[in-house]
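Number 33 in full-length UniProt numbering belongs to position 33 of the sequence shown; there are no gaps in the numbering.
To keep things clear, I will list the structure first and then write my remarks on it.
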Amino acid sequence: MTSNKAFMVSDFVIYFFALFIGMMIVPKSTCLCSNAEVNFIKPRNIAKIVLHRPSSFCQKMEIIVTMKNGGFKKCLNAETKFAKKFLEHSKMKNRSVKKM
């Protein structure tokens with residue numbers, strides 16, 4: 001009977017330990033942009049810009065640009081001078097930069 005209690009206690013300890021370790025595991029990033037970010041896009045080719053700020057789902061800021069030709073989307077590297085200047089210029093001119 002004591003061996004049953006020992007098994008129950010050890011099972012509980014193992015279960016609790018597994019649960020605790022599982023909670024500590026950081027969830028996989030669900031960023032919209034993979035590593036395939038571009039550093040420059042001609043402004044005349046841009047139809048729309050969507051800015052995604054860092055969140056619990058993705059730790060980095062993402063800039064998704066919809067192109068005029070074909071409407072396909074590209075991810076713009078937010079760390080480049082071009083991206084920073086373009087966003088600053090867009091704010092000054094009150095261009096449509098949609099923030100998510």
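Quick reminder that beta carbons are idealized off the backbone N, C-alpha and C, glycines included.
As the structure is a prediction and not an experimental result, all values here were calculated from the model.
A distance below 6 angstroms between beta-carbons, with the five flanking residues on each side excluded, links residue 48 to the following residues of its chain, in chain order: 66.
In the structure shown, the three-state DSSP call for residue 83 is helix. Here residue 52 is near residue 62, since their CB atoms are less than 7 angstroms apart.
Going by DSSP, residue 47 is part of the beta strand (DSSP E) stretching over 46-52. Taking C-alpha positions only, residue 41 is separated from residue 81 by approximately 12 angstroms.
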